[in-house]
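Enquirer: Just so you know, we're using the working numbering here: the sequence shown kicks off at 778 and counts up by one.
After the structure tokens below, expect a handful of questions from me.
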Amino acid sequence: MEIDSRQSTSPFPGVEDLKKLIEKFQLPNLDIDALIDWQRKDMEALTEMNRQASEGLKALVERRNEILRETLVEWQAAVKETTSAEAISKRAEATKQGIEKAVANFRELSEMEAQARSNAWKVVQDRMQENMANLQKLLQPK
Numbered sequence: 778m779e780i781d782s783r784q785s786t787s788p789f790p791g792v793e794d795l796k797k798l799i800e801k802f803q804l805p806n807l808d809i810d811a812l813i814d815w816q817r818k819d820m821e822a823l824t825e826m827n828r829q830a831s832e833g834l835k836a837l838v839e840r841r842n843e844i845l846r847e848t849l850v851e852w853q854a855a856v857k858e859t860t861s862a863e864a865i866s867k868r869a870e871a872t873k874q875g876i877e878k879a880v881a882n883f884r885e886l887s888e889m890e891a892q893a894r895s896n897a898w899k900v901v902q903d904r905m906q907e908n909m910a911n912l913q914k915l916l917q918p919k
């Protein structure tokens, strides 16, 4: 297998080959540079979408771990207090507060996940709208 040693000026492999192929067929009214720029922007949008999704997931995991640490500390404190006479009423109140906090934490994590998904999808939607506008522009007779 032979490796092509030519250096491409494009950040994406094969773009120069695509440009040469389009020039070879001499397609009328086709702006090659615009087509290549279009594809570059698609790749940038996908990269940004992945970055948004990754950051959202990272924040979600960090917050979930923080919630778990807080919960374990609270449980340890509750277990230490079980030797007092008021332990039963304290446990009932702690259980009620724990359930309320768990529901609030679940809601927070759900909102974080939805926001991360929304941010990533918005990048793709914006790029799709740009693609439609570019396609209309490219198809206009010159």
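The beta carbon of each residue, even a glycine, is placed where N, CA and C say it ideally should be.
1) Check whether the segment 864-878 touches the segment 905-917, taking contact to mean three or more Cβ pairs, one atom from each stretch, closer than 8 Å.
2) Rounding to the nearest angstrom, what Cα-Cα distance links T872 and N842 in this structure?
3) So what does DSSP say about L849, is it helix, strand or coil?
4) How many whole angstroms separate the CB atoms of V901 and M820, which I take to be in contact at a CB cut-off of 8 Å?
5) Grab me the residues of S887's own chain with a C-beta within less than 6 Å of its C-beta, minus the 5 sequence neighbours each way, in chain order.
6) Go ahead and pull the three-state DSSP assignment for Q917.
Expert: According to the structure data:
1) no
2) 20 Å
3) helix
4) Between M820 and V901 the Cβ distance is about 12 Å, and since that is not below 8 Å, they are no contact.
5) none
6) coil
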